[in-house]
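Chemist: Protein chains in written order, with the numbering used here: chain A, 1 to 652; chain B, 653 to 973; chain C, 974 to 1332; chain D, 1333 to 1484.
Cβ atoms here follow ideal geometry from the backbone N, Cα and C, with glycine treated the same way.
Note that the structure is predicted; figures quoted are calculated from it, not measured.
So, in structure tokens, the structure goes:
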């Protein structure tokens, strides 16, 4: 074998703390290394051209590039060596940036470490084999999980591009958080006016199948062919028969039910249509509130339903579907602000969340768009907004900024003035974060035009005094303590990953960060991809973002999915397991452990043997580590290749 | 009729529709029996069970695959069979097991220790069993030894003296010797410091001749002809005469037996140079028992612990970094 | 060269033995039987070591002359650092072996080397292809064997031309007598080792003679028709049933061959790391299926019956047929004694003779 | 033995590609300074790690071996780390029987987002190994000595 080694400077990223020339000189002494050099930017066009030229000039049969992480540029350089006529798997990378130059400043130690990493890579490369992918057909259908604005956007874009789309929404209606909003910043246009038509589009699009009040039960399979089970939860209403007339909701006697859509601002019935523009506009019974389902007596809705759609015996239904790609758009939840005792811990009815306040502002909300104090229904005059409730607070494990609270608080202060012209808003804030198009202007307007009083400081205590709430806090700009007598306190509650996001991530086999937000493939370059091929991200499930960003990411995810599913065939990754039939004793242990059922027993001249189903194998190598005689090996990560890396370090 | 005769009758009966019954027969010297493959009545006459029935006949099962085979089994042998069945390495319906109550088997090395200064075990010209004793004819006259003093170590911690899974059981079942394996042998070994343990293995393994009798005597080493010990793909070991390679082979054997070893001890008994290789396997077995509540070869319906998992592992206390 | 034994009888008392051993160890690596756990093995002797003479050694001492593994040569493929990609190749011969002495080997152990000698001296090539690795060590090794005081159940040296008091193949013979050991040189090499010892008295010589005679008398009587073994085994070459029956309980480990003083087979492997490596040879054994595994995947001795047939046939038929009737077996019985499944090679040979007579 | 005789010990890490290798990358991107001893072998999944790789490293002279995979339930291959957890836990408990200090081997779970945690793990493990000092090697056949020169 003739190995070429290229030590990348990455400008000064590597060369700053690694003597790249010395590493190249050392590499030249390694077995089978025929050419070694250092290079300014290996990944740039001149760098790639230099690699190609060297392959040709020195008749190289394998290449090691020591540069950044293979998770970044391995695909890049594989294409490079392929352009030079080599098999793309005759390539190894040594990560001397993320694992060396960026984590230490000791040039001697770094240079030595870099040289050793190159030796490991070269030792492994000597055992690399040319691998060729197999191709398999793709199912041209997309699953979108989550029917908020990001999921709606992704579903519509993909459907418009001709893909079949399955949209799964946990709640009885799509619309997500945006449907709950009264207005949107910074234009203050009506949220349901702009979202509603898109929701209708979803309902009417011939390519979209909507499963509302449904959840993803399980996902198996891989890019191109995922097998998905969807649990359609029992709504106790036959949605084929239901016309959405709403008669049942008027007659239902269980009138003290928690109103999920309205964030508990006022009660609702056990059988509901969440809001007038709901898609699908179908009734559903919330089991825990229904008198018949919990107590066995009632049946009013069944009696009044003109189409006989009520079915108390309904059970969850499992729907199976095969899809080629998946977009996760599961949004976010508000944190449980009641952990904050200083704001009353939930004991004072006139301390409300920003989302409850949205519902009060909304004309279709429980108060008909009139701002009323929950305690006595009186219109408030002095309204205090407290920002960063649960954001930027390491003490509760939420050190991050939720990103959109500053803006919606400004919006709500404006709306407060619009609704109650003689009102005064106070906003306690830490910093104002408004880096968006027209955003900073908006936060100025609320202060200058709408005369909201912005007080930079934290609130230390909210306590009742008569029918008022005293908000005590610091004004850090003035350096004084302030107390505001408020009629209503609105908490700008921060957001966190949706409560069941981790479970979904496990089903989708994607990663999530310590807060539960899904991990994108690369923070800069793969913002909508995940590390699981065929699974894409849209909206706040990947990280908190406002509506325009969510919509943009929904379109981006759709674009990625469309790109993937526009192909008829996909190449399978050839880094998969293979069996040496003459060494296999047919014990079946590999079959037992394979998470993908990718190994089957075959009969070879009367002997049982294992056989890998090539397009099913995902290349995890669990079988390889399980097989006692090493008869099944993972291509590109064989025992001998890993041992070569170990022995390059550990033999003395 | 003695149990021996009853077993012979059972073997003869089994041979009516099974071509071969594996048991034990007279060996090359008085202290040792040898595995006996019985195919006809004359063979059955050579059958012997009891104190000399040391070898584990389960060893031969994988090579009998596809042919109905009968075995005469001790309790420990039956566990090996059970594990082979649990792992689907042999089919239970291809087996016929004749069980009998085992009261322990001889350890020739212990006899050697008892005869120290008198003669070598190879000079014993006759062995007679008399209840709980054996009487040996030696060049210096008769020597009487208590069976319990010269029985294999495993017999003193036997929890399963009766082949519970046998198709036919000859004789009265015996009570287990102990209810619980306390792993006292390991506890003794662990009185050594880490340094001493390392030195111990270096010294012991330096004697290894790489004959792989330990492996070939193991009823669960089903790779045998394809063992990684001598393969180049994968190439785990060199063929050199060094402690590192020799120990590494033992680690291969022990890790491959983790959660599978039934503790029959044949590896250690087979070792011609007396390396206590069972210790390594028992170290795994103790952990497997503690961690997963699993004992190999008892329940054929339980998946061996390293071929499965639980989402939560209450017994695994991971390190908090 | 065989000496006049009468002139070379020496005596070493039990008390003087350590000093004598120390003297031997000063000029060579001295191997002596040592008790280790349950085994008795030949180990380099160091002052203070007890020489184990009450139990017979588990292993033979063949590894002193024929190490379990040894370097044939080493190589370095490093080339000119200025011209990467142009591989170099430097070969380095293995270093010369030093002198060795084996003290108190069994007499059968020494006879074992007589099976080695012609093979490694190039008998098959008219003496052209000599195995210098073996021959150098053989030349530099002095063997002091001991008279066996008794026979074990597994002993059968007398079947194959040996005796418990044989000094064939050895350089000196050690016999325990009252108060110590009588040492008798057999070769010049042996004599020079013994030179420093006091001569044995006539009484001591007589006691030694008596002890040796006693040993010979206590040895098992050979069967009458061992001479028929080569032909019988030849006749049974195609008798699959015979070999399947004989091998049924064999577990085909390598214990028999690795303990055997006459098994001389080896394997050659290369090991390398980076640019450096070595070619080495290591013991191999015909009971292993890998022994005859061909590159194609074909294996002429896939079945253990065929492998056992080869082992027995080689020792008692093929070898004697080309080496003047000498069996490639010294009758030490280790293969029987240490066989985990008690395979008895004597029984196989006798059964073969009986079976062949019936054919 | 490493070139940097006095400064470094030989520490090998086996990291799954999807989580822990990514976590190490994240630590690098975040410039979270770490000791330089660790050398990482990248494998697809912690389930790929045969415990024998670890034993081979330790017998071959590694002073410490660190394995890191995806958190349980977060395996890219759904189940690999569950199997790994059992194997690795058994291995750790087994090492003392050989006379190897079990602290020379640790396994843990680090996700791709946990750069800071990775820094902490590397720092803590490296400190632990330095606390234990160089491991005592296992003897091998003298003729193999030539193979060892490479890693020096």
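Which residues bound the beta strand (DSSP E) around residue 1370/D?
Modeler: 1370–1375 is the span of the beta strand (DSSP E), which, as asked, contains residue 1370/D.
Chemist: Between the alpha carbons of residue 538/A and residue 1410/D, how many angstroms are there, rounded?
Modeler: Distance between the alpha carbons of residue 538/A and residue 1410/D: 22 Å.
Chemist: By the three-class DSSP mapping on this structure, what secondary structure does residue 381/A have?
Modeler: Residue 381/A: coil per DSSP, three-state reduction.
Chemist: Near residue 28/A, what residues of its chain come up, given a Cβ to Cβ distance below 6 Å and the 5 sequence neighbours on each side ignored?
Modeler: Closer than 6 Å at Cβ, skipping near neighbours: 36.
Chemist: May I ask which residues mark the beginning and end of the alpha helix (DSSP H) holding residue 1215/C?
Modeler: Counting along the chain, the alpha helix (DSSP H) containing residue 1215/C begins and ends at 1213–1220.
Chemist: Mind checking who residue 522/A pairs with in its DSSP beta bridge?
Modeler: Note: residue 522/A sits in a beta bridge opposite 526/A.
Chemist: Chain A beta carbons: is any one of them nearer than 8 Å to that of residue 671/B?
Modeler: No, because no Cβ of chain A sits closer than 8 Å to the Cβ of residue 671/B.
Chemist: For residue 72/A and residue 618/A, what's the separation of their Cα atoms in angstroms?
Modeler: Whole-angstrom Cα-Cα distance: 20 Å.
Chemist: Excluding the five sequence neighbours on either side, which residues of its own chain have a C-beta within less than 8 Å of the C-beta of residue 107/A, listed in chain order?
Modeler: Contacts found: 17, 18 and 19.
Chemist: Examine chain A for any beta-carbon lying closer than 8 Å to the beta-carbon of residue 990/C, and answer yes or no.
Modeler: Output row for residue 990/C: interface = no.
Chemist: Anything in the stretch 1265–1278 of chain C with a Cβ closer than 7 Å to a Cβ of chain A? List those residues in chain order, please.
Modeler: Per Cβ criterion, the list reads 1270.
Chemist: Where do the N-terminal and C-terminal ends of the beta strand (DSSP E) with residue 571/A fall, by residue?
Modeler: Counting along the chain, the beta strand (DSSP E) containing residue 571/A begins and ends at 569–571.
Chemist: For residue 598/A and residue 576/A, I'd like the C-alpha separation in whole angstroms.
Modeler: Roughly 10 Å separates the two Cα atoms.
Chemist: Do you know how far the Cα of residue 1415/D is from the Cα of residue 774/B?
Modeler: So the alpha carbons of these two residues sit roughly 48 Å apart.
Chemist: Short of 9 Å Cβ to Cβ, which residues in the stretch 509–525 of chain A face chain D?
Modeler: Hits within the stretch, in order: 509, 510, 511, 512, 513, 514, 515, 517, 519 and 523.
Chemist: Is residue 1251/C close to chain D? Criterion is C-beta to C-beta, closer than 8 Å.
Modeler: Residue 1251/C counts as touching chain D.
Chemist: Which of the three DSSP states is assigned to residue 755/B in this structure?
Modeler: Residue state, collapsed to three classes: coil.
Chemist: Which residues in chain A sit within 7 Å of residue 1248/C, going by Cβ to Cβ distance?
Modeler: Within 7 Å Cβ-Cβ: 31.
Chemist: Measuring only between beta-carbons, confirm whether residue 1394/D sits less than 8 Å from chain C.
Modeler: With 8 Å as the cut-off, residue 1394/D does not count as an interface residue toward chain C.
Chemist: Do the stretch 1358–1378 of chain D and the stretch 1422–1430 of chain D meet, that is, are 3 or more Cβ pairs less than 8 Å apart?
Modeler: The stretch 1358–1378 of chain D is not in contact with the stretch 1422–1430 of chain D.
Chemist: When you compare each of 820/B, 733/B and 959/B to residue 658/B by their alpha carbons, which one comes out closest?
Modeler: Here the closest residue by C-alpha is 820/B.
Chemist: Counting beta carbon pairs with one atom in the stretch 1064–1077 of chain C and one in the stretch 1109–1118 of chain C, are three or more of them shorter than 8 Å?
Modeler: With a cut-off of 8 Å, the stretch 1064–1077 of chain C and the stretch 1109–1118 of chain C count as touching, because enough Cβ pairs lie within range.
Chemist: Run the CB neighbour count on residue 769/B, radius 10 Å, all protein chains shown included, and call it buried at 16 or more, exposed below.
Modeler: Counting Cβ neighbours within 10 Å, residue 769/B comes out exposed, since fewer than 16 surround it.
Chemist: Cβ closer than 8 Å: which chain D residues qualify as neighbours of residue 1009/C?
Modeler: Those within 8 Å of residue 1009/C in chain D number zero; the least Cβ separation is about 16 Å.
Chemist: CB-CB under 8 Å to residue 1007/C, same chain, minus the five flanking residues each way: which ones, in chain order?
Modeler: Contacts found: 1013, 1014, 1015, 1016, 1018, 1022, 1023, 1024 and 1025.
Chemist: Counting pairs of Cβ atoms below 8 Å between the stretch 857–870 of chain B and the stretch 572–588 of chain A, do you hit three or more?
Modeler: Result no; under three Cβ-Cβ pairs closer than 8 Å.
Chemist: Give me the Cα-Cα distance between residue 567/A and residue 902/B, rounded to the nearest whole angstrom.
Modeler: Cα to Cα, residue 567/A sits roughly 52 Å from residue 902/B.
Chemist: Rounded to the nearest angstrom, how far is the Cβ of residue 235/A from that of residue 285/A, given a contact under 8 Å?
Modeler: At roughly 7 Å, the Cβ-Cβ gap stays under 8 Å, so residue 235/A and residue 285/A are in contact.
Chemist: Tell me which residues share the same chain as residue 346/A and place their Cβ nearer than 6 Å to its Cβ, disregarding the 5 neighbours each side in the sequence.
Modeler: Excluding positions up to five away in sequence, the list reads 338.
Chemist: According to DSSP, is residue 100/A helix, strand or coil?
Modeler: DSSP places residue 100/A in helix when its eight states are reduced to three.
Chemist: Measuring only the C-alpha atoms, how far is residue 1319/C from residue 1198/C?
Modeler: C-alpha separation (whole angstroms): 12 Å.
Chemist: Name the residue from 1364/D, 1353/D, 1341/D and 1345/D whose alpha carbon lies nearest to the alpha carbon of residue 531/A.
Modeler: The residue with the shortest Cα to Cα distance from residue 531/A is 1353/D.
Chemist: Counting only the same chain and skipping the five closest in sequence on each side, list residues whose C-beta sits under 6 Å from that of residue 380/A.
Modeler: Cβ within range, chain order: 373, 487 and 488.
Chemist: Which partner residues of residue 1017/C appear in the DSSP bridge assignment?
Modeler: Partner(s): 1004/C.
Chemist: Leaving out five residues on either side along the sequence, give the residues of the same chain with a beta carbon under 6 Å from the beta carbon of residue 280/A.
Modeler: Hits under 6 Å: 212.
Chemist: Beta-carbon within less than 7 Å of residue 201/A's beta-carbon, same chain only, minus the 5 sequence neighbours each way: which residues are those?
Modeler: 156.
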